[in-house]
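If you read the sequence shown in our numbering, its first letter stands for residue 3, the second for the next number, and so on.
Think of the CB as a built atom: it goes at the ideal place given N, C-alpha and C, for glycine as much as any other residue.
From a predicted model like this one, the values you see are computed outputs, not experimental measurements.
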Amino acid sequence: MHFEVPKAKSFKEFGGEYLMIVISIITALALEHAVQTWHHRHLAHQAATRIDAEMQANVQELDKVLAHNKAEVKKLNILHDQLLAGLKAKEDSRALARRLTGDGKFGGLSIQVPALRREAWEVAIASQAASWMTQQQLERYSGIYANMRDIQTLAAGGGTVFLNGPEMLNVVGDINIGEGDAKAVYHIVRQMVSAYDSIDGNLQSLRDDLAKAADTSH
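In structure tokens, the structure reads:
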């Protein structure tokens with residue numbers, strides 16, 4: 003009986019097969035890396051789109067609040083000028099106060115503070131999508147949301163710096179019973195205008211920054 007012994011592969015043939023295996027592994031790893039990179043970029047793009055939409059919504063909310071506050075300031079400035087003119091004309095203080103603030107004409111303080119959203123940013127952080135954004139994009143978003151947090155904190159309590167709470171309650175109480183003093187009302191109105199100006203100045207600055215950031219991303 004005759005047997006043929008398989009010929010041993012040459013070193014060249016073995017090296018060629020080994021090289022093909024290595025190339026196949028490298029190709030598979032490269033494809034996997036490319037797929038992961040695309041997936042990460044896709045997630046980062048989706049997160050950025052949601053953040054941009056959230057910033058636009060916050061701009062609209064700020065516009066609404068600022069429009070309300072500015073309308074209130076306009077009323078207060080008219081009252082301020084009327085009180086000042088009456089006081090300079092030496093009108094009777096209580097009569098002047100009744101004329102200008104009686105019958106519900108004095109609405110008191112009606113400062114609005116915006117309810118700003120930050121869910122899209124928080125989700126991007128929690129899902130790590132933010133970590134796959136470009137460094138420039140990440141720095142822009144993180145700076146905007148940090149500024150938004152700080153401004154909200156200032157707006158929530160900043161106006162009280164200009165207001166004498168107990169005095170305001172007393173003045174409003176006197177107005178309600180028809181015994182308001184024009185000079186006291188005048189001082190309260192000035193405090194209220196200052197409170198509005200302080201809060202609205204911060205809100206306007208935030209609104210402009212948000213609008214600029216949203217425009218930059220497009």
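Simplified DSSP assignment, three categories, for residue 200: Reduced to three states, the DSSP call for residue 200 is helix.
Where residue 106 falls: helix, strand or coil (DSSP): Here DSSP, grouped into helix, strand and coil, assigns residue 106 to coil.
Nearest-angstrom Cα separation, counted from residue 77 out to residue 144: Taking the Cα positions, residue 144 is about 38 Å away from residue 77.
Three-way DSSP call (helix, strand, coil) for residue 167 in this model: Of the three classes helix, strand and coil, the one that applies to residue 167 here is helix, per DSSP.
Residue 124: first and last residue of the uninterrupted alpha helix (DSSP H) it sits in: Counting along the chain, the alpha helix (DSSP H) containing residue 124 begins and ends at 121 to 128.
Whole-number beta carbon distance between residue 187 and residue 75, since they are thought to touch under 8 Å: Beta-carbon to beta-carbon, residue 75 and residue 187 are separated by about 16 Å, too far to satisfy the 8 Å threshold.
Beta-carbon separation (whole angstroms), residue 59 vs residue 131, contact threshold 8 Å: Residue 59 to residue 131, Cβ: 19 Å. No contact.
Own chain partners of residue 140 with C-beta closer than 7 Å, once the 5 adjacent residues on each side are dropped: When the five nearest sequence neighbours on each side are left out, the beta carbons in the same chain lying within less than 7 Å of the beta carbon of residue 140 are those of 132, in order along the chain.
DSSP-derived helix/strand/coil call for residue 114: Coil.
Nearest to residue 114 (by Cα), restricted to the options 151, 64, 148 and 25: When C-alpha distances from residue 114 are compared across 151, 64, 148 and 25, the shortest belongs to 64.
C-alpha distance - residue 200 paired with residue 108, whole-angstrom precision: Whole-angstrom Cα-Cα distance: 21 Å.
Residue from 90, 47, 85 and 45 with nearest C-alpha to residue 182: Per the Cα distances, 85.
Same chain, Cβ closer than 7 Å to residue 83, five either side skipped, listed in chain order: Exclusion of the five residues before and after residue 83 leaves no residue of its chain whose Cβ lies closer than 7 Å to its Cβ.
Nearest residue (CA-CA) to residue 169, options 192, 152 and 158: Per the C-alpha coordinates, the member of 192, 152 and 158 positioned closest to residue 169 is 192.
Segments assigned alpha helix (DSSP H), at least 4 residues, entirely inside the segment 38 to 102: Complete alpha helix (DSSP H) runs here, min 4: none at all.
Which of helix, strand or coil DSSP assigns to residue 183: Note: residue 183 maps to coil in three-state DSSP.
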